[in-house]
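For what it's worth, our numbering labels the leading residue of the sequence shown as 750, then goes sequentially. To start, the structure itself, in structure tokens.
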Amino acid sequence: MTRDTPSAERAYRRTLALLTLVVALWSVAWAVLTPGFRSPDEQNHLNSVVRIAYGGGWPAPGDAHFAPVTDQAVAEAAYPADLPGRWRHRPDETQFVDLTPVPATERVAIGPVNALPAPGTSATVDQMTQHPPAYYALGAAVLHATGTADARWDVALLTLRLLDVALFAATVPLAAATTRRLTGSRAAALVAAPFPLLIPQVGHIMGAANNDALVVLTGAGVTYLAARVVTGDLRWRVVAAVGLVLGVGLLTKVMLAFAIPTVVAAYLLAPGPRSRPRAGPTAVSRIWRGFVALALAFVVGGWWWARNWIVDGAVQPVGLPRDYSGMTQVPADQVLSEAVGRTAQAFFGNLSWLEIRLPGTFVVVGSTILLAAVLTAVVLPGARRGSLALALLPVGLAAAVVVNAARSWTDTGVLVALQGRYVFGGLTALAALLAIALWHACHRRERWAAVVVPVFTTLAVVAGVAGLGWAFVAMYRGPGESAAQAWERWAAWSPLSGTAVAAVLVVVALGFVAGLVAAWRWPHRSRNAARG
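Here's what the structure looks like:
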């Protein structure tokens, strides 16, 4: 346990703020780096936000369509031409590096004439209305607030990407607070902060326009609140906060339903208020509070899924039926290994539409480390109850992805929807569990854990930079080309000028340096602060 002095707290907050800045700037770099519509369903997300912004509402699943501006934007973005880093080269397909981008000043802008599909249109179906509208309403409000609701499509897309960056950045202090609540260690909390930099797919998805960022934020909020509950904070204000945050998550995507076991476990495992251990709520009272939290979550957002079941006969109706023709059949004896392996691959690094793959060695090593960390945190005493409650969220999400794919396989013979990003709702829990495991490796001694902070932060920053470099080459550098040629291509396709892109990278680099300096000063600062 760390000494709680004002100087120690100030030093901790300054260091955490800089590490949060590092993660935020890393995500900004991804937002600027990734070509338009080169993350899953990004054109659909933009289309749905624009539809709400222009009063098109939220049609029933299957009844929403692409607007003319979306169709033209997709064409201008050269989607789906093959990127140079695609896992398997297809010489007969159009290559991204062979195309000339539309000049930025000539790209189509959004407006009343093209923002909504014509009545009775037969345009491409936008399946996003199979989800609730919370993220899309927020995105529409941001476009109006920033004056980009009538901007060029690439500028509006970048605005939504930066919205997602802001949502994601808010999860960093929540990860640190969760870890500190369970361990009492500031050093362990700081270790949790830069964790996302280790996973390229996180930067790629959180730097894109999608509803996953709000899922990750609400998942982080529930994770932090569960950590408070399981360590004895059973106040009614916390009950209300759990219900509200979980409800917003449920009004975003069905993935937050997998946070319900974490909430239940937190209330079941809670020891009662630490200040009144003998007079604290009984087990029945704790269960009642958990029930109230879940009931409030249902009122805020859970009703959407009950309505779907009543109206459409399915919790999540299919917005766009999938065409399985041409997909590779998977033998029965390979279903489990394929499902687990492809989910892990998509969790750590499957950029664009799962076509740029991180080398398998990194995936295996990363998966092994995370699994070992979760087991260590859950098994060893010290933060065992909290770790168990937290682990239910990422484990449940990963299991759901695999099980859902296996169920689909029984009808089709192919494996689909193996999206590692579906597990990102448990990202904060994984950050906390890894930090707790390292805290145990330091024998729960604050001085030893303080030394881990700069080492781990350096490793995370190196991994973050390496991931960006890997993506830059895979997205822009054609065979036999130089880095300078790839840079020119990036600047030509970007909504920003080459000078602006360079400025962003300089700011990102300075932020990285500031974060590293803060991390390397932490052991000294923590010792001095503890003395004074």
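We treat Cβ as the ideally placed atom computed from N, Cα and C, and that holds for glycine.
Judged by DSSP secondary structure, V891 falls within the alpha helix (DSSP H) whose first and last residues are A883 to T895.
A contact is defined here as three or more CB-CB pairs under 8 Å, and the stretch 873-881 meets this definition with respect to the stretch 810-824.
Shortest Cα-Cα distance from V1041 to any of S1086, A990, S756 and L1005 involves A990. In the DSSP annotation of this structure, the continuous segment of the alpha helix (DSSP H) that includes D903 starts and ends at W902 to A918.
Around the C-beta of I1105, 16 or more other C-beta atoms lie within 10 Å, and the residue is accordingly described as buried. Beta bridge pairing from DSSP links A780 with no other residue.
In this structure the stretch 915-928 touches the stretch 1178-1193; the number of beta carbon pairs closer than 8 Å is three or more. The stretch 1218-1226 and the stretch 1093-1111 touch, with three or more beta-carbon pairs separated by less than 8 Å. Counted as a single uninterrupted DSSP element, the stretch harbouring Q1065 is not any alpha helix (DSSP H), since DSSP gives it neither H nor E. I1009 is bridged by DSSP to nothing; it lacks a bridge partner. Annotation: the continuous alpha helix (DSSP H) that includes S797 extends over E791 to A802. Taking a contact as a CB-CB distance under 8 Å, the pair V798 and V1257 does not count as one, their CB atoms being some 26 Å apart. Counting only the Cα atoms, M1004 lies some 27 Å from L770.
Counting the other Cβ atoms within 10 Å of the Cβ of G896 gives fewer than 16, which makes it exposed.
Per DSSP, N959 lies in no alpha helix (DSSP H) segment and is marked neither H nor E. In terms of Cβ geometry, Y885 and L963 do not form a close pair [threshold 7 Å].
Secondary structure at N1099: strand, using DSSP grouped into helix, strand and coil. DSSP places Q1083 within a helical segment (H, G or I) once states are collapsed to three. The C-alpha of I1059 is placed about 24 Å away from the C-alpha of P1010.
In this structure, V994 sits away from L1018, with a CB-CB distance that is not shorter than 7 Å. Residue A1241 holds the alpha-carbon nearest to the alpha-carbon of A853 among A1249, A1268, S1275 and A1241. Judged by DSSP in its simplified three-state form, D831 adopts strand. In the DSSP assignment, S1034 falls within the unbroken alpha helix (DSSP H) covering A1032 to A1046.
Around the CB of R1194, fewer than 16 other CB atoms lie within 10 Å, so the residue is classed as exposed. CA-to-CA, the gap between W1271 and R762 works out to about 11 Å. Under DSSP, A1014 forms no beta bridge with any residue.
DSSP places V857 outside any alpha helix (DSSP H), giving it a letter other than H or E. For a cut-off of 8 Å, the C-beta gap from A1015 to A1055 is around 24 Å, too long to register as a contact. In terms of Cα proximity to T972, the closest of W779, G1247, A1006 and R837 is A1006. In the displayed model, V1113 falls within a helix according to three-state DSSP.
Comparing alpha carbon positions, the residue from N959, R1091 and V1033 closest to S1116 is R1091. Comparing C-alpha distances from A1081 to each of L1043, S1157, A1093 and S1074 shows the shortest one belongs to S1157.
With distances taken between CA atoms, N959 lies nearest to L906 out of R986, L906 and S1136.
For V940, the CB contacts under 7 Å within the same chain, skipping 5 residues up- and downstream, are A1184, L1187, V1201, V1202 and F1205 in chain order.
R1106 is bridged by DSSP to N1099. Contact annotation: the stretch 824-834 does not touch the stretch 806-813, with fewer than three C-beta pairs closer than 8 Å.
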